[in-house]
Structure formats: C-alpha cells, structure tokens
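Trainee:
Here's what the structure looks like:
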C-alpha cells in the first residue's frame, strides 16, 4: 500500500505541474444546461506523457521514495508514521504551490464535499452552539428541524450535549461535536444529554437520516412590496429551482422589488451561478467569459431566458461572498441589473474542476479563470504571501471599501466605472453589524437566562415557560415575543447573582438594546425555529439590509434606464 501511495503522489506531482488541460469541460447541452465546474465523471482523459514527462515522473518518484525511506529509518517516531497524513500533506503542499483554491480531499472529506453539493447531509437535524460558563465550553441544542430525527426524538432548545457515543463533549467546539454526531445514513448515534426542562441526564439513541440543507433557507416580505431572499449557503444542485420557487412565492405576496442576500455565500457550482444570473438577465446578455490553458477551457456563457424576472433588485455582498456568488453579483452589476450594497466581496475569479481519484479521494484543481461581462478579472492577487495571508491578513477581513481600486477600469452597460483586481466593490458601501468583546461575553448569560426563562425557572416570569415543540408554520410578526421591562430586569438580576459570567451591571445597562435583540433571537428560535430566529436580526438590526431597502428606488431607476437603452433601435 505504501508503494502504491508513493507512485500516486509522484504521479500527481508531475501531472499537476506538467500535463496541461487534463480535465473534461462539460459544455452546455441542447437543453441549455451548463456544468463547467460540475464533478467530472471517472474516465476523464489524461494526455499521454511524452518521453520528457516520463523521465520527470521517474525522477520525482525516486526522490519521493528516497525521502520516505529516510523518514522511516531516521525520524524519531518513524515506526509510528501515519501514512495517510504523510501522503495527504505531500499532495496538499504541492497544490498550495499552485494557488489557494486547488485542494486534495481524502475519502471521508471527499464524501462530505459531495454530500454538501447535494444540499443535504446525514445526521440528526439539529442546530447546535457553544456557550461558555466559568471558562468551560459546552454545546447545546438550539433548535431542531421539522420532521428531523432530532425533533422526533424530543430534543429541545437548551438540551446540553454531554457525550456522543460515550465520548465527553465538554470543552469541544461545536464543529467537533457536529462532526461526531454526523455519520453514514442509517447508523445510530448515542447521545447523553442534560435535559433543559428538568436538568436530568438522559441517554438518547437516534438513527441518522438524510437531512435537507437548502441553498435558500428563507424568503419573505421585509415590508409591503419588498421581498427578501436568503441565498447565503452556497450554490448547489438545487439552487436555481429553489430560487424560482422563492420568487413565485414572493410575487404571490405582492413583491414589487427584491433584496437578494449573497453575504457569506462561499460559491459552488458554476452552472448554477449561470442559471441564477439567467433568471434576471435577458436573452443574449453575457454572464461571464471563461479562459483556460491553451484555449482548452475557453468559453462564454449568455442568458437564454426570453422572459426574465425584471423585478428591481439590490444584491447584498460582504467580504465572504465568493466565487459563484461573485459571478452573479458581477453580472448583475455590469449589466446595471441590480445595485450592489455592503462590502467588497472576497475576490475569487478561479474555476475549479472536481476530479475523483482512486480509493475514493478527490481533487479540486483550478482549470480556468473567469471574467465578468465588462471584462473584469476579480481574482485577488495571491503571489505575495502564503495560504494564511490569503484568507486573513491579505484577504477577507482586511479590505477597506474606501480604498481606490487597483485593477483596470471597465464600464457597465450604462457607462458606470467598475474595477477588477480584487472582488466586486459595492455601489453603496455599508459596514455590517458588529459586536465587541463585552457584547460577545454577554452571549452566554443571555442564552443561559433564556434557557431558564423558557423552562419556567425565572421567578415572576413562570408564564413564559415553553410548552410543546417548535411551531414551524408560524410567520414571525413584529409583535411576537418582544422583550419586556420585567424580562430585562430579571436578566439584570440573573447576571448580578452569578460572578462566573464576569459581566458588570454597567455593561448590561449600556448594551440593553443588544441584549434585548439577542434574547428575542433566542426565544424566537426556541419557539418558532432557527429560520424565524434569523429574521429577528434581518428585520430589525441589520444596517446593510436597511440600506438595501433605502436604495431600492435607485435600483428601480437604474433598471428602467437600462431597459430603455436596450429597447432603443
């Protein structure tokens, strides 16, 4: 097995660096489908290596074998090598020398990647979150999903996860707990819980099932005439169908303008980005141009929609809006189809192909660059700095929307100046809602108080006890579960009675508005589910959403100007 892996790593090294264009680009079918970044099926052609390449393969293989032997013979723990980690790090290190987005996945990671792309995963169907008490982190159930195994097993808001399959979860991050709970469909996970209602320990066995994870978790009316679509989770196989369903629902509710939220959307399938843009662009309008190596991946994609949705639109982006979501935002901006509000997006203009390998592993390999309709390459520079700098110091989180763009100037359909060289710059820059250290420290006592409140343990507020499960059919109203003066006073007393929370009463008074908003989020999540909980912030405490609503008249004027200019002979 070690010999096979050695040959595999050496071959990958040479193929990745020396062999051009070995990924199949799936082109549009006659039905109009596109999937240039969709998974490539096994049997993809690899160009025959010439004599020089064969010599290079042999040389790399010899060097790799020799290095591995030296490690086995002389490394202090050479007899305890984890060969999967050794070979995996070799491949990842090779790919990191190419660009930050080419990556290698072992069997387990590749299975998870493919599952995520299907807008589903295998688990119990519950939201979980870490909260801290006296410097110890514990993980709690914050909501269950409708008809999920967790809901059927009676898991409730505030249940503490003590163990998963007999392993203590105290001090573990919620991501570690999540990965422990997830697993193959049909298998059983054994949970040990401290029940929020009675504070008793109970063991629960739950069979894992397929859990839907839609691209669009929510769509609703922000106010009369103004629709909102939450498209923050990525572009998966079902994204376009979900979008069409959301638009139909909103139009039936009287929508005359739209806020499309692409914040934190990490991207996904190229073909889905193209189809989403097609929903809003007229037949023949360019969506993007793709350019690969030696012309092998060159292509351009135009809308083939003779009846697009022409609702005036604002698109929300931030520094974590990346890849496929930037394709949509860039196309809408270049064609003056929508105003962009928020922060400069991530800046990923590279297209990856997904390549299955032997033994269930896989690669995502950069095979092309894409350009917006105006000709912008939005890829951020990654030549100066390492992988960490790209994703932190030199990338997301470090941008200033007031900085002068460094890329070449291009023009939109109506002549507005736009720039490449690092993401999609918003037409209306707006800073996001932020939290400081004191506010973050308040989150744990807010959760603990809400947990006790909903279980009838707050003196004088016993009537707030939650009875029954989540009402998934409820549409949140502005008057629902408002925080009263009595609740705030009780929270103040709650914090003062327990020094472990390390929060002063002066801070509680100073951040009353924040506390009430977070408390209402907790209560709404417990009573109506996580989707309704998220609406609390979107509808009442989101400066970027508020700005989007304010500039909708400007977006309407822009769309009308564009339509008139295109209609002229």
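Residue numbers (the numbering used here): 51 to 619. Virtual Cβ for every residue (Gly too), placed ideally from N, Cα, C.
Residue 157 to residue 163, Cα distance in whole Å?
Mentor: Locating residue 157 in the chain shown gives position 107, where the first residue counts as 1. Locating residue 163 in the chain shown gives position 113, where the first residue counts as 1. Distance between the alpha carbons of residue 157 and residue 163 is about 10 Å.
Trainee: Does the pairing of the region 580–589 with the region 252–270 give three or more beta-carbon distances under 8 Å?
Mentor: Touching, yes, given that three or more Cβ pairs across the two stretches are closer than 8 Å.
Trainee: Ends of the beta strand (DSSP E) at residue 364?
Mentor: On the chain shown, residue 364 is found 314 positions in, with the first residue counted as 1. Segment 363–367, the beta strand (DSSP E) holding residue 364.
Trainee: Of the residues 385, 409, 363, 303, which one's Cα is nearest the Cα of residue 332?
Mentor: Numbered from 1 along the chain shown, position 282 holds the residue referred to as residue 332. Out of 385, 409, 363, 303, 385 has the C-alpha closest to the C-alpha of residue 332.
Trainee: Tell me which residue opens and which closes the alpha helix (DSSP H) that residue 545 is part of.
Mentor: In the chain shown, residue 545 corresponds to position 495, counting from 1. Residue 545 -> alpha helix (DSSP H) spans 535–546.
Trainee: Over the uninterrupted alpha helix (DSSP H) stretch that includes residue 564, give me the two end residues.
Mentor: Translated into positions along the chain shown, residue 564 becomes position 514. Unbroken alpha helix (DSSP H) run through residue 564: 562–578.
Trainee: How would you label residue 121, buried or exposed, when you count the other beta carbons within 10 angstroms and need 16 or more for buried?
Mentor: Here residue 121 refers to the residue found at position 71 of the chain shown. By the 10 Å Cβ count, residue 121 comes out exposed.
Trainee: How would you write the range of the beta strand (DSSP E) that residue 186 sits in, first residue to last?
Mentor: Within the chain shown, residue 186 is the residue found at index 136, counting from 1. Start and end: 186–194.
Trainee: In angstroms with no decimal places, state the Cα-to-Cα distance between residue 405 and residue 322.
Mentor: On the chain shown, residue 405 is found 355 positions in, with the first residue counted as 1. On the chain shown, residue 322 is found 272 positions in, with the first residue counted as 1. Rounded to whole angstroms, residue 405 to residue 322 spans 19 Å at the Cα level.
Trainee: Under 8 Å between the Cβ atoms of residue 234 and residue 160?
Mentor: The count along the chain shown starts at 1 and reaches residue 234 at position 184. The count along the chain shown starts at 1 and reaches residue 160 at position 110. No, the Cβ-Cβ distance between residue 234 and residue 160 is not below 8 Å.
Trainee: Does residue 482 pass the burial test, meaning 16 or more other C-beta atoms within 10 Å, or should it be called exposed?
Mentor: Indexing the chain shown from 1 puts residue 482 at position 432. Exposed, since its Cβ has fewer than 16 Cβ neighbours within 10 Å.
Trainee: Please go through the same chain and pick out, in chain order, the residues whose beta-carbon is closer than 7 Å to the beta-carbon of residue 521, but skip the five residues on each side of it.
Mentor: Residue 521 sits at position 471 when you count from the first residue of the chain shown. Counting only Cβ-Cβ distances below 7 Å, and skipping sequence neighbours, we find 577, 578.
Trainee: For the region 311–322 and the region 357–375, state whether three or more C-beta atom pairs, one from each stretch, are separated by less than 8 Å.
Mentor: Output reads yes: the region 357–375 touches the region 311–322.
Trainee: Just reading off the beta strand (DSSP E) that residue 497 is part of, what are its end residues?
Mentor: In the chain shown, counting from the first residue as 1, residue 497 sits at position 447. Premise fails: residue 497 lies in the alpha helix (DSSP H), 487–504, not in any beta strand (DSSP E).
Trainee: Taking residue 401 as part of the beta strand (DSSP E), name the residues at either end of that continuous run.
Mentor: The residue you call residue 401 lines up with position 351 of the chain shown. It spans 400–406 - the beta strand (DSSP E) in which residue 401 sits, taken as one unbroken run.
Trainee: Cβ atoms of residue 388 and residue 337: under 8 Å apart, would you say?
Mentor: Along the chain shown, read from residue 1 onward, the residue named residue 337 stands at position 287. Along the chain shown, read from residue 1 onward, the residue named residue 388 stands at position 338. No, Cβ-Cβ distance for residue 337 and residue 388 is not below 8 Å.
Trainee: Under 6 Å Cβ to Cβ from residue 460, same chain only, skipping five residues before and after it: list those, please.
Mentor: Sequence index remark: in the chain shown, residue 460 carries index 410 (1-based). Answer for residue 460: 424, 425, 426, 468, listed in chain order.
Trainee: Hey, could you find the ends of the alpha helix (DSSP H) residue 250 is sitting in?
Mentor: Working through the chain shown from its first residue, we reach residue 250 at position 200. Run containing residue 250: none; DSSP gives neither H nor E here.
Trainee: Could you have a look at residue 379 and say whether DSSP puts it in helix, strand or coil?
Mentor: The residue labelled residue 379 in the question sits at position 329 within the chain shown. Helix.
Trainee: Okay, do the region 591–604 and the region 546–555 touch, 3+ Cβ pairs below 8 Å being the bar?
Mentor: As far as the Cβ criterion goes, the region 591–604 does not touch the region 546–555, which means the pair count is below three.
Trainee: Beta carbon of residue 508, beta carbon of residue 568: below 8 Å?
Mentor: What you label residue 508 is simply residue 458 of the chain shown in a count that begins at 1. What you label residue 568 is simply residue 518 of the chain shown in a count that begins at 1. For residue 508 and residue 568, no; Cβs fall outside 8 Å.
Trainee: Give a yes or no on whether the C-beta atoms belonging to residue 526 and residue 514 are separated by under 8 Å.
Mentor: Numbered from 1 along the chain shown, position 476 holds the residue referred to as residue 526. Numbered from 1 along the chain shown, position 464 holds the residue referred to as residue 514. No, these two residues do not count as a Cβ contact at 8 Å.
Trainee: For residue 409, count the other beta carbons within 10 Å of its own beta carbon; 16 or more makes it buried, fewer makes it exposed. Which is it?
Mentor: Looking up residue 409 in the chain shown gives position 359. Exposed is the call here.
Trainee: Taking buried to mean at least 16 other C-beta atoms within 10 Å of its own C-beta, is residue 555 buried or exposed?
Mentor: Here residue 555 refers to the residue found at position 505 of the chain shown. It is exposed - the Cβ of residue 555 has fewer than 16 other Cβ atoms within 10 Å.
Trainee: To which residues does DSSP link residue 342 through a beta bridge?
Mentor: Locating residue 342 in the chain shown gives position 292, where the first residue counts as 1. Paired residues: 418.
Trainee: Is DSSP giving residue 280 helix, strand or coil here?
Mentor: Looking up residue 280 in the chain shown gives position 230. Residue 280: strand per DSSP, three-state reduction.
Trainee: Where does residue 266 sit, in a helix, a strand or coil, going by DSSP?
Mentor: Here residue 266 is taken as the residue at index 216 of the chain shown, counted from 1. It is coil, neither helix nor strand.
Trainee: Within this structure, are the beta carbons of residue 231 and residue 175 separated by less than 8 Å?
Mentor: In the chain shown, residue 231 corresponds to position 181, counting from 1. In the chain shown, residue 175 corresponds to position 125, counting from 1. Cβ distance not < 8 Å, so residue 231 and residue 175 don't count as in contact.
Trainee: What is the DSSP secondary structure of residue 179, counted as helix, strand or coil?
Mentor: Here the question's residue 179 lines up with position 129 in the chain shown. Here residue 179 sits in strand by DSSP.
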